[in-house]
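Have a look at the structure below, then the notes.
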DNA sequence: TGCCATGCGAACATCAGTGTACCGTTGTGA
DNA sequence: TCACAACGGTACACTGATGTTCGCATGGCA
């Protein structure tokens, strides 16, 4: 019940950061007063959403075996359903700029990427670029799912093949072997 | 000078859509009153920013030879510097949902992509996915440039190689020839 | 049945953003 | 030097969002 509240609030505020608390309450099917009881101020709500998102993402990351060969595949499937929360953490105005917990999410992922640049990942692009590319893929996949353009079960394949192989057919690609 | 105002307003509102007009005016180095003289209301400012962005993007697109083999390369270099404007059109809350001019931007690009799916682009991904992937690449490249992480002259290469070839080294890739 | 907790709506005060009017300053051209 | 336009700042009214209080309804639970 409260989980539903946090979910809806996240998606409403993500779609329109200027949405009023009344809009949020209505979307969550809850009274504006009740919302105030749970979250005394607007920024308290924002912080609660961020903390909840952090809990979920940290929990998801902790379940990934970063040593496994298919760590990235695992990451994609786990993070895909959490994409609204991740987006909230990374794109919401007034967040992230200094939050220690948010900033702490990247390093393990960057480590993983850097390690894989010895095998599966190309070395001529920086790790942060590869990470952002992965995140972009997850983001647009989720957007497409919400819009009804993409079947949820197709999403991981779309993200992973695009990430690893790109969208080129390979006919004009430079030989990198 | 007015061009600078539109640029600054775009980037300020893009970074924080809840920014007050006072913030916008200050960032643009102009008085709030003067801002009001030029744009009587907040939504007038938003519409002006959207129209200006549309003019710039349409103009850029009109200069691209969609029949050329390197149409995508041309697109990337031209759209990269316009990325804040494109982002404003596509991501700003309350825009796009019905604007005819904005919706008219996609079809020619989708046509181009669909055509190239006969040669340079893979056929097992829908055209809209490829378009979004391209746009994501431009977006994150611009972000990286602004953050100082990416040299502007490197950006097109990053975007294009990632788009066409992906970030995989190719060692584990399925053979698609 | 009576009690208590929880949620909701109405009403109110407050505040920040917005829009407007007025005035002083600057600078440019006749 | 004068007139005029453009700009910025101050001050004020208005509006919508916000936060608070109060009272009522609902729904377990003893």
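Residue numbers (this note's numbering), protein chains in the order written: chain A, 44 to 220; chain B, 44 to 220.
In this text, a Cβ means the ideal position worked out from N, Cα and C, and glycines have one as well.
- Taking C-beta atoms as the reference points, residue 191 of chain A and residue 179 of chain B fail to come closer than 9 Å.
- Three or more Cβ pairs drawn from the region 161-171 of chain B and the region 191-205 of chain A lie within less than 8 Å of each other, which places the two stretches in contact.
- Listed along chain A are 162 and 163, each with a C-beta nearer than 8 Å to that of residue 214 of chain B.
- Contact between residue 155 of chain B and residue 132 of chain B is absent: CB atoms are separated by about 19 Å, not below the 8 Å threshold.
- Exclusion of the five residues before and after residue 184 of chain B leaves 123, 193, 198, 201 and 202 as the residues of its chain whose Cβ lies within less than 7 Å of its Cβ.
- Secondary structure at residue 180 of chain A: helix, using DSSP grouped into helix, strand and coil.
- Residue state for residue 164 of chain A is assigned as strand, using DSSP reduced to three classes.
- Scanning the region 106-179 of chain A from its first residue to its last, the whole alpha helix (DSSP H) runs of 4-plus residues come out as 114-123, 126-134, 143-146 and 149-159.
- Looking at the DSSP output, residue 211 of chain B bridges to A:164.
- Relative to the Cα of residue 82 of chain B, the nearest Cα in the group B:69, B:64 and B:72 belongs to B:64.
- For residue 84 of chain B, the secondary structure class from DSSP, reduced to helix, strand or coil, is coil.
- Around the beta carbon of residue 146 of chain B, a 10 Å sphere encloses fewer than 16 other beta carbons of the protein chains shown; the residue is thus reported as exposed.
- Contact residues of the region 47-64 of chain A toward chain B are 58, 59, 60 and 61 (C-beta to C-beta distance below 8 Å).
- Between residue 148 of chain A and the set A:186, A:99 and A:92, the nearest pair of CA atoms involves A:99.
- If you check each beta-carbon in the region 150-180 of chain B against every beta-carbon of chain A, the ones closer than 7 Å belong to 162, 163, 164, 165, 168, 171, 172, 173, 175, 176 and 179.
- By alpha-carbon distance to residue 91 of chain A, the top candidate from A:141, A:196 and A:53 is A:53.
- For the pair residue 70 of chain A and residue 143 of chain B, the Cα-to-Cα distance works out to about 28 Å.
- For the C-beta of residue 205 of chain A, the chain B residues within less than 8 Å are, from N- to C-terminus, 168, 172, 176 and 209.
- Residues of chain B whose Cβ lies closer than 8 Å to the Cβ of residue 201 of chain A are, in chain order, 168 and 172.
- Comparing alpha carbon positions, the residue from A:195, A:56, A:171 and A:109 closest to residue 186 of chain B is A:171.
- The alpha-carbon separation between residue 169 of chain B and residue 114 of chain B amounts to approximately 19 Å.
- Residue contact check for residue 137 of chain A against chain B: a CB pair falls below 9 Å.
- Burial state of residue 48 of chain B is buried, judged by a 10 Å Cβ sphere holding 16 or more other Cβ atoms.
- Within 10 angstroms of the beta-carbon of residue 93 of chain B lie 16 or more other beta-carbons, which makes it buried.
- Within the region 65-91 of chain A, not one residue has a Cβ closer than 8 Å to any Cβ of chain B.
- One alpha carbon belongs to residue 46 of chain A, the other to residue 212 of chain A, and they sit about 43 Å apart.
- Here residue 175 of chain A is buried. Its C-beta has 16 or more other C-beta atoms within 10 Å.
- Using a Cβ distance threshold of 9 Å, residue 134 of chain B and residue 196 of chain B do not count as a contacting pair.
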